[in-house]
Amino acid sequence: MLNENLVRVRKERGLTQEALAVKLNVVRQTISKWEKGAAVPDADTLCRIADALDVSVSVLLGDSEREDKLDTASIAKSLAHINEQLAIRNRRAANIWKALFCILLIAFGIYIGQTRFGNNEDVSDALLPDNIEVSNVRFNGNTKELFCSFVPSNGNDDITYIVTIDSHDKSFPGANAIAQYENGICTSTFDKNKLSEFTAEYSVVLNIKCKGEVRNLTLVEVFSFRGNGYSWRSKWD
125 MLNENLVRVR
135 KERGLTQEAL
145 AVKLNVVRQT
155 ISKWEKGAAV
165 PDADTLCRIA
175 DALDVSVSVL
185 LGDSEREDKL
195 DTASIAKSLA
205 HINEQLAIRN
215 RRAANIWKAL
225 FCILLIAFGI
235 YIGQTRFGNN
245 EDVSDALLPD
255 NIEVSNVRFN
265 GNTKELFCSF
275 VPSNGNDDIT
285 YIVTIDSHDK
295 SFPGANAIAQ
305 YENGICTSTF
315 DKNKLSEFTA
325 EYSVVLNIKC
335 KGEVRNLTLV
345 EVFSFRGNGY
355 SWRSKWD
């Protein structure tokens, strides 16, 4: 290629780009563009370059075996071919840069999407607010089952509610049941056969879980059986 031959011959002659530029009465940046293949000199200028480097135009054009002197038309034809190759190379380079830009743009879009999705996940993970309250704590049942119902202030299908009944004096090992959430009301069911029906007092604690977060609330401070009924004292009533 012309640019490679120009670099090689200039260095063989011991000339810097600045020195060659002075000989040709051009700026050094012009020499740099020719040697980088970013531009191609015209036929007349190429002849001047050959004279300045004391070499034939054929050598600069890469046709070192040709000994006859090229005429201006032949030189112009060769330079036109070089210009065409340069244009093709520049188009390919432009297409490559466009492709890289598109790839980077897509990658950036994916990154932004994942970042936003991740942020949304962080928000959804924090479903439990700092203050959770319950209301309408009630107990009822039959001969076999005891039902505990309440209304949470923050109902959500992703939240698990577990009710635990435990005796104050630790004479009863305790029992727990998952509360089913439906229409804003949570209801847990206990097997009365597993509860000791005597005058001992119990506490009822609500365990709330959601995607790694856990909260505990005391539903009932004092609960006890009274004959066939129940009595309780709730801080939420």
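Heads up: the sequence shown at position 74 corresponds to 198 in my numbering, and the numbers run straight through without jumps.
From the three backbone atoms N, C-alpha and C, an ideal C-beta is built for every residue, glycine too.
Closest by CA to residue i, which one among the options?
| i | options | result |
| --- | --- | --- |
| N307 | E257, E325, F274 | F274 |
| L161 | W221, E128, D178 | Here the sequence assigns Gly to residue 161, which means Leu is not the residue at that position. Considering only alpha carbons, the answer is E128. |
| C334 | F314, G279, A299, S358 | G279 |
| S291 | Y354, L139, S348, S358 | S348 |
| I283 | K268, C272, G265, I309 | I309 |
| R137 | E159, K157, M125, D178 | D178 |
| L210 | I289, L126, V258, I220 | L126 |
| G186 | L130, T169, C171 | L130 |
| V168 | A217, S202, L270, A143 | The sequence shown places Asp at residue 168, not Val. For D168, the nearest C-alpha among the options comes from S202. |
| S198 | L170, A218, R216 | L170 |
| Q304 | A218, F271, N266, I220 | F271 |
| S277 | V258, S358, E325 | V258 |
How about residue i and residue j: do their beta carbons lie closer than 9 Å?
| i | j | result |
| --- | --- | --- |
| L341 | L330 | yes |
| V346 | V261 | no |
| D313 | E269 | Checking the displayed sequence, the identity of residue 313 turns out to be Thr instead of Asp. Yes, these two residues count as a Cβ contact at 9 Å. |
In angstroms with no decimal places, state the Cα-to-Cα distance between residue i and residue j.
| i | j | result |
| --- | --- | --- |
| S248 | N214 | Annotation note: pLDDT 49 at S248 (below 50); position unreliable, no value reported. |
| E337 | L224 | 44 Å |
| A174 | A204 | 18 Å |
| N149 | C226 | 43 Å |
| T154 | S180 | 21 Å |
| R132 | L228 | 38 Å |
| V183 | A200 | 15 Å |
| I206 | I234 | 42 Å |
| T140 | R134 | 7 Å |
| K316 | D254 | 34 Å |
| S365 | I289 | Since the first residue of the chain shown is 125 and the last is 361, residue 365 is not available in this structure. |
| Y354 | T311 | 17 Å |
| D293 | I236 | 57 Å |
| R172 | I220 | 35 Å |
| E159 | K222 | 25 Å |
| S358 | E325 | 13 Å |
| P165 | A143 | 17 Å |
| E191 | A217 | Because E191 sits at a pLDDT of 48, beneath the cut-off of 50, its placement in the model cannot be relied upon, and the following sentence gives the value as read from the coordinates. Looking at the two C-alpha atoms, the distance is approximately 35 Å. |
| A299 | G265 | 16 Å |
| D281 | T267 | 30 Å |
| I230 | I212 | 27 Å |
Assuming residue i and residue j form a contact by the criterion Cβ under 8 Å, report the distance between their Cβ atoms to the nearest whole angstrom.
| i | j | result |
| --- | --- | --- |
| F263 | W356 | 6 Å |
| R339 | I286 | In fact, because the Cβ distance is near 11 Å, the residues do not count as touching under 8 Å. |
| I302 | L252 | Incorrect: roughly 17 Å between the Cβ atoms, too far for contact. |
| R152 | A163 | With 8 Å as the limit, R152 and A163 do not qualify as a contact, their Cβ atoms being about 13 Å apart. |
| A176 | K157 | Not a contact, Cβ separation roughly 17 Å. |
Any beta strand (DSSP E) of 3 or more consecutive residues that is wholly inside the segment 254-308: 258-265, 269-276, 284-291, 299-306
Length-filtered (4 minimum) alpha helix (DSSP H) runs lying within the segment 130-189: Entirely contained in the segment 130-189, the alpha helix (DSSP H) runs reaching 4 residues are, in chain order, 141-148, 152-160, 167-177, 181-184.
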